[in-house]
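Worksheet: one structure, shown below.
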Amino acid sequence: MQNNIKWVGAIFLVLTAIEIINLFTGRSLNYFGLIPRSINHLPHIFSAPLLHGSFWHFLSNIVTLCVFSFLLLQYGAKTYLKVTLTIIVTTGLAVWLFARGGNHLGASSVIYGYFGFLLLAGFISKQFLRLMTSIFVGLVYGGLIFGVLPQGKYISWESHLFGFLFGLMAAKMWAHTPNYITARQAAPKN
Numbered sequence: 469m470q471n472n473i474k475w476v477g478a479i480f481l482v483l484t485a486i487e488i489i490n491l492f493t494g495r496s497l498n499y500f501g502l503i504p505r506s507i508n509h510l511p512h513i514f515s516a517p518l519l520h521g522s523f524w525h526f527l528s529n530i531v532t533l534c535v536f537s538f539l540l541l542q543y544g545a546k547t548y549l550k551v552t553l554t555i556i557v558t559t560g561l562a563v564w565l566f567a568r569g570g571n572h573l574g575a576s577s578v579i580y581g582y583f584g585f586l587l588l589a590g591f592i593s594k595q596f597l598r599l600m601t602s603i604f605v606g607l608v609y610g611g612l613i614f615g616v617l618p619q620g621k622y623i624s625w626e627s628h629l630f631g632f633l634f635g636l637m638a639a640k641m642w643a644h645t646p647n648y649i650t651a652r653q654a655a656p657k658n
């Protein structure tokens, strides 16, 4: 648990530092957002989730990102990294290929990916605490699902939609209980 808190603290500090630099440079870092179908911006798949269009945009994302990161870290740091990388790459590619023009940025693509993962992963893993986490996320954050629908001109609902779908895919790929845990639980006790 302490390591999970350290991970979340590190995520918070890194994103806050990036936001402060971006704020004091007139949002100059937002050049590294993702512009669909621009070859020059394709590598920005990795930087776009770290950037935000305004301080309010940052604030609206950071708390949920930290909560979801903490919950996802219950699956272990290795799974957390695999899920995060899967979501960033697949969502980024889908946004780059299919989204409307404009500069797509913000952690919400990752948040929606974590949302999809956390909703499904507990049911896949069949472990009580993980199942309770899925139910908790559904009850407390279920309203997020409406963010996958087209909204305002400056909201990348495509990032939300693709993030959510690839989060579900990541749950199918990475949420299974490791075989050694299943074997240990099934072993007869003397």
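Each residue of the sequence shown is one higher than the one before, starting from 469 at the first, in the working numbering.
For every residue, glycine included, the Cβ atom is placed at its ideal position computed from N, Cα and C.
Who are the Cβ neighbours of residue i in its own chain at under 6 Å, not counting the five residues just before and after it?
i: Leu518; result: Ile486
i: Thr554; result: Ala638
i: Ala575; result: Pro517, Asn529 and Leu533
i: Phe514; result: none
i: Phe492; result: none
Per the DSSP calculation, residue i is bridged to which residue(s)?
i: His572; result: Leu502
Can you give me the C-alpha to C-alpha distance between residue i and residue j, rounded to a whole angstrom?
i: Leu636; j: Leu587; result: 8 Å
i: Tyr648; j: Ser593; result: Note that Tyr648 scores 49 on pLDDT, short of 50, meaning its location in the model is unreliable and no value can be drawn from it.
i: Ser577; j: Lys474; result: 23 Å
i: Asn490; j: Ser496; result: 6 Å
i: Val531; j: Phe480; result: 9 Å
i: Leu612; j: Thr601; result: 16 Å
i: Phe591; j: Gly544; result: 17 Å
i: Gly570; j: Pro511; result: 16 Å
Residues in its own chain within less than 8 Å of residue i by CB, not counting five upstream and five downstream?
i: Thr650; result: Residue confidence is low: Thr650 scores 49 on pLDDT, short of 50, so the model does not pin down where it sits. No coordinate-derived value is stated.
Which residues in the same chain have their Cβ closer than 7 Å to the Cβ of residue i, if we skip the five residues on either side of it in sequence?
i: Leu573; result: Asn498, Gly501, Leu502, Ala516, Leu519, His520 and Gly521
i: Tyr609; result: Phe583
i: His525; result: Gly574
i: Phe538; result: Asn472 and Val476
The alpha helix (DSSP H) with residue i in it runs from where to where?
i: Ser627; result: Trp625 to Trp642
i: Gly477; result: Gln470 to Phe492
i: Phe596; result: Phe596 to Tyr609
Segments assigned alpha helix (DSSP H), at least 4 residues, entirely inside the stretch 540–585: 545–566
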